[in-house]
Structure formats: structure tokens, C-alpha cells
Amino acid sequence: MEETEVLVVGGGQAGIAMSEHLTRGGVPHIVVERDRVAERWRSWRWDSLVANGPAWHDRFPGMEFDLDPDAFAGKDEVAEYLTAYAANFGAPIRTGVEVTSVRKNAGAPGFRAVTSQGTIAARYVVAATGPFQTPIVPQVVPASAGIHQIHSSAYHRPGQLPEGGVLVVGAGSSGVQIADELRASGREVFLAVGPHDRPPRSYRGRDFCYWLGVLGKWDAATPAAGAEHVTIAVSGANGGRTVDFRRLAASGITLLGRAGAYADGVLAFAPDLAKNIAAGDANYLGLLQEADAFIARNGLDLPEEPAAHVLGPDPLCVTDPILQLDLERAGITSIVWATGFGADYGWLEVDTFDERGRPRHQRGVSAEPGVYFLGLPWQSRRGSSFIWGVWHDAKYLADQIAIQRGYRAYDDAHPTASEPVLATTGASR
Ligand SMILES: Cc1cc2nc3c(=O)[nH]c(=O)nc-3n(C[C@H](O)[C@H](O)[C@H](O)COP(=O)(O)OP(=O)(O)OC[C@H]3O[C@@H](n4cnc5c(N)ncnc54)[C@H](O)[C@@H]3O)c2cc1C
89 MEETEVLVVG GGQAGIAMSE HLTRGGVPHI VVERDRVAER WRSWRWDSLV
139 ANGPAWHDRF PGMEFDLDPD AFAGKDEVAE YLTAYAANFG APIRTGVEVT
189 SVRKNAGAPG FRAVTSQGTI AARYVVAATG PFQTPIVPQV VPASAGIHQI
239 HSSAYHRPGQ LPEGGVLVVG AGSSGVQIAD ELRASGREVF LAVGPHDRPP
289 RSYRGRDFCY WLGVLGKWDA ATPAAGAEHV TIAVSGANGG RTVDFRRLAA
339 SGITLLGRAG AYADGVLAFA PDLAKNIAAG DANYLGLLQE ADAFIARNGL
389 DLPEEPAAHV LGPDPLCVTD PILQLDLERA GITSIVWATG FGADYGWLEV
439 DTFDERGRPR HQRGVSAEPG VYFLGLPWQS RRGSSFIWGV WHDAKYLADQ
489 IAIQRGYRAY DDAHPTASEP VLATTGASR
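Under our numbering, think of the first position of the sequence shown as 89, with each following residue one higher.
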């Protein structure tokens, strides 16, 4: 059986960031990835997807993209960037290796991981298997309805869908971009819109990533009350434009409220569309006001942008919403469920999950000593699941592992209790 100090499971940005910090600390480790490095950027994203943030922002601190800093990297460019980044410091990543189980050693420290290529013993395990693991497709429309249904992670391009209209359910960054692309390709498109935040793409010459940064919002430690599941609708597509539901409606997309029950070919929609649009508008306008206040407080010389405050009237589909839609009569042949992802830690057989299977942890340090999580949504702050945020969380976890190794080093130097106990801070070595 192979032995290592730290086993990192997952070779996406989280696993790479973890490996970088462990490498810096001289900690022996192995990263195992069941597919290829950054696989989710390669095959779980649609062809035209670009990063939500500009290249100067959506990156690790240690390397820039080979792009105009204000451009938005394509999904393959992000994958190549992460691959090159890992190669730069010689990250010990093994691809094509799946971890099928991790168990705590009985009566001894450390863990035993069974992989598709043998067993690995490790003192510490970092689960870096992603914030978005298992596509969630609500079981609403039965297969017998004869409608082609896919999750947004399986959407690649308009041509893969059968001829006809498309219902896109979910108006986060994925749903709005997919709906926009389908409409531009000439499809009849319906978009079910739930609660969302929609920051301005840019305001007064600065990208929204800048505004969320300087206003401390990426660092927010917990979601605002009741906002745990509120998605951010942003897009870097077409050079980057604010997600504007009025523009989407003007392009011919029919906006609907949240999708509800289905019966006899008819899908119901909640009467919440106007409310959701208004809450998104309030979020948008609130950010403009906070940006204005920041500019004034700091005496910045950034051009005023009064037009950004003008939203225009709500479109008819918002003021007189459709509450029931006969899918066949509306010509809908496909549904794209842009309804998010769940987690699957079935392979991690340790006692650190709540009754709903969610990790119990504090900033990624799990309730099972020696097990760490990385890349979770809101792991330590809003930015945790994003490229730049995960790097900082990885640094923190590497520090926590070093602290535990310090205690172990003390144990090794003092194998019995009979020896004199010297004062120690437990600091890392
Ligand atoms: C559509 C979309 C667009 C996004 N756009 C941006 C963006 O523009 N900017 C940004 O900062 N963030 C973006 N994100 C968020 C985030 O950056 C990505 O989700 C990113 O892929 C998360 O990286 P990760 O390393 O944490 O997880 P993942 O990329 O999901 O990597 C986890 C890896 O673990 C592997 N794995 C899982 N289980 C096992 C196992 N048992 N054994 C071995 N390997 C395993 C998987 O194969 C996978 O490669 C986006 C997310 C989505 C869904």
C-alpha cells in the first residue's frame, strides 16, 4: 500500500491550489483526479462559456492569463490556465484515478483510501471535489411527456437540442446565458426566473468584480438572511453585458415565474415573476448606490453613469405573466434545467456530515480530525467557490495541516508520557 502525508481528492482549481500551498510547505502529498485536470471546465460547460469575471480578476494570484486583462477567458482557456499553473510547480496530480472510499483507520491515526488504482494510506485527506458536483434536475416533467430534458451542465450548443422551442428553468448565470444563446440562434425561448442578484456588469468604468471586492462583498462571511440560495446572474458573454431581463424580453424571450407542478401537458408557474424582477432590480440599484458612495468617500475620479440608473418599464410578460403553459401548444420540445448542483460525498465514509449529507466543518476544517473540505460554497466567504477565493482557503487549510503536523512532531519527540513535557505552542515546524 502506498503512503503519503496528505491525499487531495479532486484535480480542479481547488486541488491545484491545495497542492501549491502544500508544496510550498514541503508537505508530501498526492492529488488524485478521476478524469483530467480541470475536467469540469472542459466538459461540464457549454462551448461558448467564458469566465464570469475578467482575466485580471478570475485567476490565482501567482499567474496571469495570457490575455487582455479585461477580456473574459473561454472555458478551455481556463482549463489550460489551470493545467499550466499545476505544471509550473510540478503538482503531483494523478489523473484517471477515482477515489471510491476513504475510511478512518481504527485505533490509529490516518485514513485509508481505496482508489481505482490501489490503496493509499494518508494522515490527512482534503476533499476538493467541487462546489457543484451532482446536477439537480427536479422531477417535475415525466419522461412520458415526450420532452427532451437536460441539465445545464450537459448543454453545449443550440444545435444539440431537437428542433423547436426551449424552456430554460433557472435564471442564474447559466440559465440566462443559455436562454440568450438559444434565442440568438433563432429559437423560441421561455425562461423561468426565480430570485436572483444581478449586479451591473460594470459601473463607472469598473467591473462588478472590482465593486464586490472593494465593497467587501466577496469577503462576506455568510449570506444575507434568507439569501442562501439566491443565485448571481452575471455574464461575460459578448464582451460582458449586464444581465438585463428587460433586454432579454425585448429580444423575444418570454419570462415566466418559478416553475411549479406539471399535469396533462401543462406546466404551472408561480405568480412571483414581478417580485423576482423587482428584487433583482433592487439588488442592482443598491450596488450602484454603494459604488457611488465609495467613489465619493474616496474621492475617486470615475465618470458618472446616470443612464445605468434608468431601468425602463417592465415588459408585458412581467406585468401580465403566464401562469400556465401547455408545453406542446407553445411549441416547446426541450427543457434545459439550469437548476444548480448538489453534493455527493458517498466515497468519504467518515463522521462529518449532517442529516442532509452536508459537510460539518469550520472554514473547511471538518468535524472528523484530519479531514478537510475545500471549494465549498461559502466555505469561509462568498468568494470561496471561485478561482481566486479557493486559493486563499487552500492557504488556510495548509496552515491548519501544518499546525496538526506540529503536534505530531511533538508526539514523535516525546513518545511516552513519562518524559518531561516542555511548554509548546503547537506551532508548525
Ligand atoms: C457554469 C459555471 C461557470 C462558472 N464560472 C466561473 C467563473 O467564471 N469564475 C469562477 O471563479 N468560478 C466559476 N465557477 C465556479 C467554480 O469556479 C467552478 O465550479 C470550479 O469548477 C470549481 O472548482 P473546484 O476545483 O472546486 O471543483 P471542480 O472543478 O468541480 O473539481 C473537482 C474535481 O474532483 C474530481 N472528483 C470528484 N470526485 C472524485 C473522486 N471520488 N475521485 C477523484 N476525483 C474526483 C472531479 O472529476 C473534478 O475534476 C463556475 C461554475 C459553473 C458551474
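Note that beta-carbon positions come from the ideal geometry of N, C-alpha and C, so glycine has one too.
This structure is a prediction, so every number in the text was calculated from the model and none was measured.
Open item on the list: Comparing C-alpha positions only, which one of Gly-247, Val-331, Val-453 sits nearest to Arg-275?
Closed with: Gly-247
- [ ] Kindly indicate which three-state DSSP category Ala-515 falls into: helix, strand or coil?
- [x] Note that Ala-515 has pLDDT 46, beneath the 50 cutoff, so the model's placement of it is unreliable and the number below is only indicative. If DSSP states are grouped into helix, strand and coil, Ala-515 belongs with coil.
Task: Contacts around Thr-504, its chain only, beta-carbon distance under 6 Å, and the 5 residues preceding and following it disregarded - done: Taken in chain order, the list of residues that qualify is empty.
Task: the region 169-187 touching the region 94-108, judged by at least three CB pairs closer than 8 Å - done: yes
TODO: Please check the pair Gly-452 and Leu-436, which I expect to be a contact at CB under 8 Å, by giving their CB distance rounded to whole angstroms.
DONE: A Cβ-Cβ separation of about 14 Å leaves Gly-452 out of contact with Leu-436 under the 8 Å criterion.
TODO: Taking 9 Å as the cut-off, decide whether the C-beta atoms of Glu-108 and Gly-150 are in contact.
DONE: yes
TODO: Going by DSSP, name the residue or residues bridged to Glu-91.
DONE: Ala-209
Task: Neighbourhood of Lys-78 by C-beta, 7 Å cutoff - its chain only, sequence neighbours within 5 removed - done: Not covered by the structure: residue 78. The range shown for the chain is 89 to 517.
TODO: For Asp-481, count neighbouring Cβ atoms within 10 angstroms of its own Cβ and tell me buried if that reaches 16, exposed if not.
DONE: Result: buried.
TODO: Report the three-state DSSP secondary structure of Gly-162 (helix, strand or coil).
DONE: strand
TODO: Under 7 Å Cβ to Cβ from Asp-500, same chain only, skipping five residues before and after it: list those, please.
DONE: Close CB contacts of Asp-500 within its chain, under the 7 Å cut and outside five residues either way in sequence, are absent.
Task: Residue(s) in a DSSP beta bridge with Asp-285 - done: According to DSSP, which records beta bridges pairwise, Asp-285 is partnered with Ile-320.
Task: Length of the line joining the Cα atoms of Asp-414 and Tyr-433 - done: 39 Å
Open item on the list: With three or more C-beta pairs closer than 8 Å as the rule, is the region 220-228 touching the region 401-420?
Closed with: no
Task: Cβ pair count under 8 Å reaching 3, the region 333-348 against the region 266-286 - done: These segments touch.
Open item on the list: For Arg-517 and Leu-303, what's the separation of their Cα atoms in angstroms?
Closed with: Reliability fails at Arg-517, whose pLDDT of 39 lies under 50, so the model's placement of it is uncertain and the value that follows must be treated cautiously. Distance between the alpha carbons of Arg-517 and Leu-303: 37 Å.
Open item on the list: Mapping the DSSP letters down to three states, classify Phe-278 as helix, strand or coil.
Closed with: strand
TODO: Express the C-alpha separation of Leu-343 and Leu-300 in angstroms, rounding to a whole number.
DONE: 28 Å
Open item on the list: Would the region 110-125 count as touching the region 227-243 if we require 3 or more Cβ pairs under 8 Å?
Closed with: no
Task: Between the CA atoms of Gly-198 and Ser-136 - distance to the nearest angstrom - done: 43 Å
TODO: Output the residue ranges of the alpha helix (DSSP H) runs that lie fully inside the region 325-402 and measure 4 residues or longer, sorted by chain position.
DONE: 333-338, 361-386
Open item on the list: Given this structure, state the Cα-to-Cα distance separating Val-97 from Ala-216, to the nearest angstrom.
Closed with: 5 Å
- [ ] Using alpha carbons as the reference points, say which of Pro-288, Gly-293, Asp-164 lies closest to Asp-158.
- [x] Nearest C-alpha to Asp-158: Gly-293.
- [ ] Compare the beta carbon distance of Ile-208 and Leu-110 with 9 Å and say whether it is the shorter of the two.
- [x] no
- [ ] Check whether the Cβ atoms of Asp-295 and Gly-260 lie closer than 9 Å to each other.
- [x] no
- [ ] Measure the alpha-carbon distance for Val-214 versus Val-187 and round it to whole angstroms.
- [x] 12 Å
TODO: In the DSSP assignment, find the unbroken alpha helix (DSSP H) run with Leu-300 in it and report its ends.
DONE: 296-302
Task: Gly-477 (DSSP reduced to helix, strand or coil) - done: helix
Task: Given Ala-395 as reference, the closest of Glu-269, Ser-422, Phe-220, Ser-290 once Cα atoms are compared - done: Ser-290
Task: Spatially closest choice to Ala-351 from Thr-427, Pro-230, Arg-245, Tyr-169, by CA coordinates - done: Pro-230
Task: Where the alpha helix (DSSP H) through Asp-414 begins and ends - done: Counting along the chain, Asp-414 falls outside any alpha helix (DSSP H), though it belongs to the beta strand (DSSP E) covering 412-414.
- [ ] Mind listing, in chain order, the continuous beta strand (DSSP E) runs of no fewer than 3 residues lying wholly within the region 99-172?
- [x] 117-121
TODO: Helix, strand or coil for Ser-241, going by three-state DSSP, please let me know.
DONE: helix
Open item on the list: Given the structure, does Ala-196 come close to ligand 1, in the sense that its CB is under 8 Å from one of the ligand's heavy atoms?
Closed with: Because no heavy atom of ligand 1 lies under 8 Å away, the Cβ of Ala-196 does not count as near it: no.
TODO: Starting from the Cα of Asn-326, find the closest Cα among Gln-265, Asp-369, Leu-376, Asp-442 and give me that residue.
DONE: Gln-265
Open item on the list: Taking its Cβ as the centre, do 16 or more other Cβ atoms sit within 10 Å of Asp-146, making it buried, or is it exposed?
Closed with: buried
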